[in-house]
Each structure stands twice: as structure tokens, then as C-alpha cells.
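Everything on this sheet refers to the single structure shown next.
Residue numbers (this note's numbering): 293 to 719.
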């Protein structure tokens, strides 16, 4: 078994070479120098990895999110979130959690959500007396929710890599996403109570004000519901749902909110292409690298080693969670999902673990790495937008991270949290 390509890939990652280029370089050298496979096969693997109809959902949903953000959706959701929880202890921090939950079906990207929330809420939180580090930590941890709410990028990528139903995975992420939101709100309440962070107001808004905020945000709230119902009753596939979401976003921006203009199109396209190109380049590199691993039977050897260690699904899940937490500290979540899913998902299935349940835990755990040092991309994003030392954000994130780890344990031990809804809606 030839292992030097894997060692080369890991060495490049240690030297901070981007994941996509590390995968492509290691794969290319294996095909060129290994002698067992023709170099033409490298190009074939790169191209064939993009020929996936389900994967088309990814650019469609990211484009829909960019359009809806330009159409004033986010501002309306912020007003609704503030109307709901602005009177809670830690008001603006609670608003961050609610807004991230509602935006999960719009941005599809946790990093995009972290940047957006930082711009919208960070400066206001700091002006209202919240420490800048706490503001960044709240935004970063809240953005983890986006990965769980359909149509998160991580869910689409896992479904593609593990060959499972995107529709079932979308529906499976709803309840875990809400559990994460509740856990963060409890943690924020306890931290705010202890530190004396006062709410923005001492009373609830009137029913009239709440209705006004809800009415303004109704178009944004309708889209995720529309997608879930359409998938449940087979009206469209997940890929078609992405295309419909784009048309929906354009219609809302032009006719309902009247805030979308041709002048915004270049920026929308640029944001979408930037996000998609990064993910797709990683997928292309992972496809070629994955062929090397299959050829050298690396996944088979790893699976045999894990099964030899234990045939208990719970112990396997414990080992995998520890591996995910360690890797998530150094590699961005989506890249880690692409790298690890083809290796570990088949082992999980062979031990009797439902692939949908395993997918939810995988996506959540590896996204969790976005708030942990030393390479917490979500925390780095929030800190850079607010222009504060990342160490301050990491320090303030500890109690919130503890709440997220509790949720990870719950999701691992209680499969029903992930599986009840998809089993009811898409048996």
C-alpha cells in the first residue's frame, strides 16, 4: 500500500496550503509517478466529479441566498427576531441565534452567515455594552445552526459524498437545528444573567408590532417551508428546488420588496461564484484523491482497523466524534466532510448506524470546528469583521461551545432527534 500521497497531502495542509490544492497536488503526483494508473485518469476523475445532477442544488441555493440578501430579506428577518426575543436577558445575543435559525434556509453557508451577522449585529452589540469578544463568539456559534437548517451546504455535500437522499437529510436537519438554537439561547441567558448584560427593552412588543414584523418577513419564512413541503410530496427534486428558490428570490426582490436591481447583479454573481468555486475545487481534488485511496484500499484498511477495534456502534461513534473534533480544529468543515465521508460513512452503515443520523452528526461536529481554535473559520470571520483579536472571541466562546458539545452528545445518543421527522415525512 502506497502512503506517500497521503503524507504529502497532510504535509501540505500543515504548511497552510489550501485544501483543494493539497488534494490536487498529491493526487496528480500519484498518477504521474505511481506508474500503476494512466495520467489521463486524473483528468477524468476531476471532470466526472462535476457531472452530478444532485450537486447542481449547491450553486442554485447559494445563488438564491445571495439574491434574497440583496433583496432586503435579512433586514426584515432581523426586525422579526428582535420582536420575538429582544426583551430576553442578553437580548441582542438572543436575536443573533434566532436570526441565524431563520437565515439557515437562505444563506446555505455558515461562513456567509457569520460575516453577515457580524456586520449587522456586531457593532450594535458593542455600542450597547457587550464585550467585542462576546459579540464575535455569539455570532460564530450562532452560525453553526445554519449548517443544520436546509439547504445547508454541508448537508448537500454529505448527501453527494455518501450517496443518500438530499431530501431526507434536509428534513432530518430541522429538529437538530432547533435543538442547537435552544441550547445556545439557554447558554446565552445564563452567561448574560451572570455578567449583567441587560435586554434591549423590558417588555414584549405589542401584538400589532409583532404582526407587522411577521408580515414584512413572510416571504423569507415561506421559502424553507415551501421547499420542505415540495420535497415531501415529490413536487420537485432537491436540485429543482434550488432552481425554484432562485426564481422565487428574484420574484420577491423585484415584485414584493422592490429592492432588487440590475446594478446588484455583478456583486450577487461574484459572491455566488466565489463560494461555489471554492467548494467545487475541493470536490474535484477529493474525487481524484479518493480514487487513489480506493485503488490502494486505504478506506478498506481503515474500516478493518476500526471494526477490529470495536464492533459496538456507540463506541465507534465516540471514536469518530473525537476524530471529527480534532480534524475540525484544523480543516474547514465542508472540506473535512468531503475528505472523511467516503471513508467513514460506509463503516458506520456496516455497523448498523443510519446514514442520515451519521450525516447529521458528521455535519454538526465538523461545523463545530469552525468555532474552535486554532483554525476556527467562523470565529476568524466574525473577529476580522469586528476587527478584534481572535483570542478574545475564542475565550468568550467557551460557555457557548460547552452548550454545543452537549448537543453533540444528545444527537449522537438519541437518533430519534434526527430521524423522527424524515421517517414521518419521507418514509
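Heads up, the beta-carbon is just placed ideally off N, CA and C, and yes, glycines get one too.
Q) Which class does residue 646 belong to by DSSP, given the choice of helix, strand or coil? A) Residue numbering aside, residue 646 sits at position 354 when the chain shown is read from its first letter. The answer is coil: DSSP assigns residue 646 none of H, G, I, E or B.
Q: Find out if the Cβ-Cβ distance for the pair residue 605, residue 644 is shorter than 7 Å.
A: Taking the chain shown and counting its residues from 1, the one referred to as residue 605 is at position 313. Taking the chain shown and counting its residues from 1, the one referred to as residue 644 is at position 352. Yes. Within cutoff.
Q. Which one of 393, 463, 535 has the shortest CA to CA distance from residue 474?
A. Working through the chain shown from its first residue, we reach residue 474 at position 182. The residue among 393, 463, 535 with its C-alpha nearest the C-alpha of residue 474 is 393.
(Q) Applying the 10 Å Cβ sphere with the 16-neighbour rule, what's the burial state of residue 456? (A) On the chain shown, residue 456 is found 164 positions in, with the first residue counted as 1. Buried, by the Cβ-count rule.
Q: Would you kindly report the start and end of the unbroken alpha helix (DSSP H) that includes residue 319?
A: Here residue 319 corresponds to residue number 27 of the chain shown, with the count starting at 1. Per DSSP, residue 319 belongs to the alpha helix (DSSP H) from 311-325.
(Q) What residue range does the alpha helix (DSSP H) around residue 531 cover? (A) Along the chain shown, read from residue 1 onward, the residue named residue 531 stands at position 239. Counting along the chain, the alpha helix (DSSP H) containing residue 531 begins and ends at 530-543.
Q. Does the separation of the CB atoms of residue 237 and residue 341 fall below 7 Å?
A. A question about residue 237 goes unanswered here, because the residues of the chain that appear run from 293 up to 719.
Q.
Using 8 Å for Cβ pairs, my map puts residue 564 next to residue 348. What's the rounded Cβ distance?
A. Reading the chain shown from its first residue, position 272 is the one you call residue 564. Reading the chain shown from its first residue, position 56 is the one you call residue 348. The pair is not a contact, with the Cβ atoms about 13 Å apart (cut-off 8 Å).
Q.
DSSP three-state label for residue 364, please.
A. By one-based count along the chain shown, residue 364 stands at place 72. Coil.
Q. To the nearest angstrom, how far is it from the Cα of residue 552 to the Cα of residue 357?
A. Within the chain shown, residue 552 is the residue found at index 260, counting from 1. Within the chain shown, residue 357 is the residue found at index 65, counting from 1. Residue 552 and residue 357 have their C-alpha atoms spaced approximately 13 Å apart.
Q: Have a look at residue 671 and residue 426 and give me their C-alpha separation to the nearest angstrom.
A: Locating residue 671 in the chain shown gives position 379, counting from the first residue. Locating residue 426 in the chain shown gives position 134, counting from the first residue. A straight line joining the alpha-carbon of residue 671 with that of residue 426 spans about 11 Å.
Q: Report all residues from its chain with a CB closer than 7 Å to the CB of residue 548; omit the five preceding and five following residues, and keep chain order.
A: Within the chain shown, residue 548 is the residue found at index 256, counting from 1. Sequence-distant Cβ neighbours of residue 548 in its own chain, meaning closer than 7 Å and more than five residues away, are 511.
Q | Supposed close pair residue 307, residue 318 - CB separation, criterion 8 Å | A | As a first step, residue 307 is located in the chain shown; it is residue number 15 there, counting from the start. As a first step, residue 318 is located in the chain shown; it is residue number 26 there, counting from the start. A Cβ-Cβ separation of about 13 Å leaves residue 307 out of contact with residue 318 under the 8 Å criterion.
Q | Inter-residue CB distance, residue 432 and residue 662 (contact presumed, cutoff 8 Å) | A | Locating residue 432 in the chain shown gives position 140, counting from the first residue. Locating residue 662 in the chain shown gives position 370, counting from the first residue. The Cβ separation is near 7 Å, so the contact holds.
Q. With DSSP run on the structure shown, which of helix, strand or coil describes residue 589?
A. Taking the first residue of the chain shown as position 1, residue 589 is located at position 297. If DSSP states are grouped into helix, strand and coil, residue 589 belongs with coil.
Q) Hey, is the region 330-345 in contact with the region 577-584, meaning 3+ C-beta pairs nearer than 8 Å? A) Yes, they touch.
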